[in-house]
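Enquirer: Quick note: the sequence shown, position 82, residue 713 per the numbering used here, numbers continuous.
Let me give you the structure first, and then I'll get to my questions.
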Amino acid sequence: VASGTAMATARHGHAVYKAAFDMTGTRFVTASRDSSCAVYDVTTGSQVFTGKCRDRCMGAAFDEAGGRVVTASFDKTAVVWDVASGTKAFTAKHSGLVFSASFDASGKNIVTGGDARAAIVWDLVAGAPRVTMPHEDRVYVANFD
């Protein structure tokens with residue numbers, strides 16, 4: 632950053648809606664209108680993971696350990712991906728578009744927000760919603776404190 636030289640460049644076919652670093656600052660994840668998410672290694676500039684959604688990928692975030700990514704998509708899902716294997720570890724199905732998703736500090740829960748007018752906390756161990764918090768309008772951003 633101090634040099635002003637780009638260390639890695641996200642390569643997508645359309646707009647990138649979200650980009651976020653992992654806790655170490657050595658990798659970042661992107662969410663794109665081209666229905667994909669990708670993880671890049673900042674030190675090598677290489678793309679190390681690509682996940683494919685069925686519609687626009689609106690949000691993406693790492694867990695604290697950096698081994699998983701959660702995506703939010705217009706396909707009405709939030710998906711937890713294992714970055715090393717490239718597999719889906721969990722899919723949270725919603726009644727509407729999903730705009731935002733993030734992990735809690737333990738990595739055992741995610742929170743999602745979307746146009747269904749609620750923020751939902753999902754228990755990844757049980758594989759089910761834990762808490763649904765209704766709102767008067769869409770939830771564009773949902774995070775844990």
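For glycine and all other residues, C-beta sits at the position ideal for the given N, C-alpha and C.
1. By how many angstroms is the C-alpha of G676 removed from the C-alpha of K719?
2. Is it true that the CB of V670 sits closer than 7 Å to the CB of V679?
3. In the DSSP assignment, the beta strand (DSSP E) including N740 goes from what residue to what residue?
4. Quick one: what does DSSP say Y671 is sitting in, helix, strand or coil?
5. Could you check what DSSP says for F721 in three-state terms: helix, strand or coil?
6. Whole angstroms are fine: how far does the CA of D735 sit from the CA of A749?
7. State the Cα-Cα distance for the pair Y648 and S731, rounded to the nearest angstrom.
8. Please name the residue in L755, F659, T657 whose C-alpha comes closest to that of K724.
9. From R761 to H645, what does the alpha carbon distance come to, in whole angstroms?
Expert: Inspection of the coordinates gives the following:
1. For this step, residue 719 is matched to residue 88 along the sequence shown. For this step, residue 676 is matched to residue 45 along the sequence shown. Roughly 24 Å between the two C-alpha positions.
2. Sequence index remark: in the sequence shown, residue 679 carries index 48 (1-based). Sequence index remark: in the sequence shown, residue 670 carries index 39 (1-based). Going by C-beta atoms, V679 is nearer than 7 Å to V670.
3. As a first step, residue 740 must be located in the sequence shown, where it is residue number 109. Its beta strand (DSSP E) spans residues 740-745.
4. As a position in the sequence shown, residue 671 is number 40, starting the count at 1. Y671: strand per DSSP, three-state reduction.
5. For the purposes of this step, residue 721 is identified with residue 90 of the sequence shown, where counting begins at 1. In the structure shown, F721 sits in a strand (DSSP, three-state: E or B).
6. Taking the first residue of the sequence shown as 1, we reach residue 749 at position 118. Taking the first residue of the sequence shown as 1, we reach residue 735 at position 104. When rounded, the distance between both Cα atoms is 17 Å.
7. Position 17 of the sequence shown holds residue 648. Position 100 of the sequence shown holds residue 731. Cα-Cα distance, rounded: 11 Å.
8. Looking up residue 724 in the sequence shown gives position 93. Taking only the C-alpha atoms, the option nearest K724 is L755.
9. As a first step, residue 761 is located in the sequence shown; it is residue number 130 there, counting from the start. As a first step, residue 645 is located in the sequence shown; it is residue number 14 there, counting from the start. Taking the straight line from one Cα to the other gives about 34 Å.
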